[in-house]
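Encoded as structure tokens, the structure appears first; notes follow it.
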Amino acid sequence: MVHFVGAGPGAADLITVRGRNLLEKADIIIYAGSLVNKELLCCARKDCEIYDSSGMTLEEVIGVIAENADKETVRLHTGDPSIYGAIREQIDALDRLGIKYDVCPGVSSMFGASAAIGAEYTLPGVSQSVIITRMAGRTPVPERESIELLSSHGASMVIFLSAGMLEELSARLISGGYRKDSPAAIVYKATWDDEKTVMTTVGDLAADAAEQGINRTALVLVGDFLGRDYERSKLYDPGFSHGYRREQK
Numbered sequence: 208m209v210h211f212v213g214a215g216p217g218a219a220d221l222i223t224v225r226g227r228n229l230l231e232k233a234d235i236i237i238y239a240g241s242l243v244n245k246e247l248l249c250c251a252r253k254d255c256e257i258y259d260s261s262g263m264t265l266e267e268v269i270g271v272i273a274e275n276a277d278k279e280t281v282r283l284h285t286g287d288p289s290i291y292g293a294i295r296e297q298i299d300a301l302d303r304l305g306i307k308y309d310v311c312p313g314v315s316s317m318f319g320a321s322a323a324i325g326a327e328y329t330l331p332g333v334s335q336s337v338i339i340t341r342m343a344g345r346t347p348v349p350e351r352e353s354i355e356l357l358s359s360h361g362a363s364m365v366i367f368l369s370a371g372m373l374e375e376l377s378a379r380l381i382s383g384g385y386r387k388d389s390p391a392a393i394v395y396k397a398t399w400d401d402e403k404t405v406m407t408t409v410g411d412l413a414a415d416a417a418e419q420g421i422n423r424t425a426l427v428l429v430g431d432f433l434g435r436d437y438e439r440s441k442l443y444d445p446g447f448s449h450g451y452r453r454e455q456k
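Taken in order, the sequence shown gives residues 208 to 456; the numbers are from my numbering.
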């Protein structure tokens with residue numbers, strides 16, 4: 208059995224209870240060494256075989272799994288495996304080999320980032336949608352998902368894997384409809400001990416990141432949800448009734 212496990216955003220105690228239990232029982236652990244906090248490996252059994260996948264190809268990862276198909280294997284991914292985790296190609300390979308698997312979700316770094324700055328992505332009267340995306344780099348992005356087109360919605364945006372292209376990102380966000388003074392944030396290594404947060408604007412993304420020496424391992428948050436203005440939620444409004452509470456007049 209193969210368990211795809213989300214390691215969480217960084218801090219070792221932000222893995223789920225289920226994920227930690229699977230690590231403790233594993234015969235084999237294959238972890239994303241460039242991103243996963245190695246402290247999580249401390250809960251592995253002494254006889255557990257551990258592989259760092261940062262230098263491995265897909266074929267090599269599947270090879271290790273196939274050679275140990277009779278054992279409990281944990282494939283440990285950063286954050287939640289469903290976001291930029293490249294798990295689909297692994298799952299398809301396991302299906303072809305007839306190897307069973309399941310997925311244990313994890314806390315995404317996008318939630319670690321919002322927690323770091325005390326932000327709410329879905330503020331009433333501001334935005335009720337969150338766009339998760341990245342800049343095109345060595346790996347392309349579909350043309351219909353360009354930063355300019357996504358920016359035109361004015362929704363809350365979480366931009367992964369783009370900290371090294373902030374000058375271009377800024378220009379494209381502005382081209383798509385954000386103002387130069389639209390609020391933005393840069394969160395470096397959310398929930399890690401060396402976490403950094405930078406509150407900035409769309410126009411100043413590149414300059415402020417350079418000043419802090421940030422050029423990788425950071426999320427960019429963009430949108431008016433980072434501003435001060437919003438409407439009160441109906442959820443706790445005394446004048447709003449729902450299935451659990453009557454309107455108070």
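All C-beta atoms in this analysis are idealised placements derived from N, C-alpha and C, irrespective of residue type, glycine included.
As the structure is a computational prediction, the values presented were derived from the model and not from experiment.
Beta bridge counterpart(s) of residue i as assigned by DSSP
{"i": "Ile257", "result": "Ile236"}
{"i": "His210", "result": "Val281, Asp309"}
{"i": "Thr407", "result": "Ala391"}
{"i": "Arg341", "result": "Phe367"}
{"i": "Ala425", "result": "Tyr395"}
{"i": "Gly215", "result": "Gly286"}
Expected contact under 8 Å - CB spacing of residue i and residue j to nearest Å
{"i": "Val427", "j": "Ile381", "result": "That belief does not hold up - the Cβ atoms of Val427 and Ile381 are roughly 14 Å apart, past 8 Å."}
{"i": "Ile498", "j": "Leu283", "result": "No statement about residue 498 is possible, as the shown extent of the chain runs from 208 to 456 and does not include it."}
{"i": "Ala323", "j": "Leu433", "result": "With a Cβ gap of about 12 Å, Ala323 and Leu433 do not count as contacting."}
{"i": "Gly313", "j": "Gly226", "result": "6 Å"}
{"i": "Glu256", "j": "Ile269", "result": "Actually they do not touch by this definition, with Cβ atoms about 16 Å apart."}
Through-space distance from residue j to residue i, alpha-carbon basis
{"i": "Asp309", "j": "Glu454", "result": "44 Å"}
{"i": "Gly344", "j": "Gly371", "result": "10 Å"}
{"i": "Ser336", "j": "Tyr328", "result": "8 Å"}
{"i": "Ile298", "j": "Arg386", "result": "42 Å"}
{"i": "Tyr443", "j": "His449", "result": "10 Å"}
{"i": "Asp411", "j": "Glu246", "result": "35 Å"}
{"i": "His360", "j": "Val429", "result": "12 Å"}
{"i": "Lys232", "j": "Arg252", "result": "7 Å"}
{"i": "Met406", "j": "Ala276", "result": "47 Å"}
{"i": "Ser369", "j": "Tyr451", "result": "43 Å"}
{"i": "Gly262", "j": "Val271", "result": "13 Å"}
{"i": "Thr223", "j": "Phe318", "result": "14 Å"}
{"i": "Ile393", "j": "Asp259", "result": "28 Å"}
{"i": "Cys249", "j": "Ala397", "result": "21 Å"}
{"i": "Val409", "j": "Ser389", "result": "6 Å"}
{"i": "Asp401", "j": "Arg423", "result": "13 Å"}
{"i": "Thr404", "j": "Glu352", "result": "27 Å"}
{"i": "Ala362", "j": "Asp254", "result": "48 Å"}
{"i": "Gly420", "j": "Ile306", "result": "44 Å"}
{"i": "Ile354", "j": "Arg379", "result": "6 Å"}
{"i": "Glu274", "j": "Ala425", "result": "36 Å"}
{"i": "Leu301", "j": "Thr264", "result": "15 Å"}
Close-in-space but distant-in-sequence residues of the same chain around residue i (CB under 7 Å, 5 per side omitted)
{"i": "Pro445", "result": "Gln455"}
{"i": "Phe447", "result": "Lys441, Glu454"}
{"i": "Leu229", "result": "His210, Val212, Val281, Cys311"}
{"i": "Leu330", "result": "Phe432, Tyr437"}
{"i": "Ala413", "result": "Leu373, Glu374, Ser377"}
Contacts around residue i, its chain only, beta-carbon distance under 6 Å, and the 5 residues preceding and following it disregarded
{"i": "Gly332", "result": "Tyr437, Glu438"}
{"i": "Asn244", "result": "Gly217, Ala219"}
{"i": "Ile339", "result": "Val365"}
{"i": "Thr285", "result": "Ala214, Ala239, Leu242, Val243"}
{"i": "Ala416", "result": "Leu373, Ile393"}
{"i": "Lys278", "result": "Asp234, Ile235"}
Close-in-space but distant-in-sequence residues of the same chain around residue i (CB under 8 Å, 5 per side omitted)
{"i": "Glu375", "result": "Met342"}
{"i": "Val348", "result": "Thr340, Arg341, Met342"}
{"i": "Asp287", "result": "Gly213, Pro312, Gly313, Val314, Ser315"}
{"i": "Ser321", "result": "Glu327, Tyr328, Leu428"}
{"i": "Leu357", "result": "Ile338, Thr340, Met364, Gly383"}
{"i": "Leu334", "result": "Note on residue identity: the sequence assigns Ser, not Leu, to residue 334. Result list for Ser334: Tyr328, Gly361, Ala362, Ser363, Gly430, Asp431, Phe432, in chain order."}
The ligand ZN heavy atom lying under 7 Å from the CB of residue i
{"i": "His284", "result": "Among the components of this structure there are no ligands whatsoever, and the ligand ZN is therefore not found."}
Exercise. Flag this pair as touching only if the segment 279-297 and the segment 208-218 have three or more C-beta atom pairs under 8 Å; answer yes or no.
Key: yes
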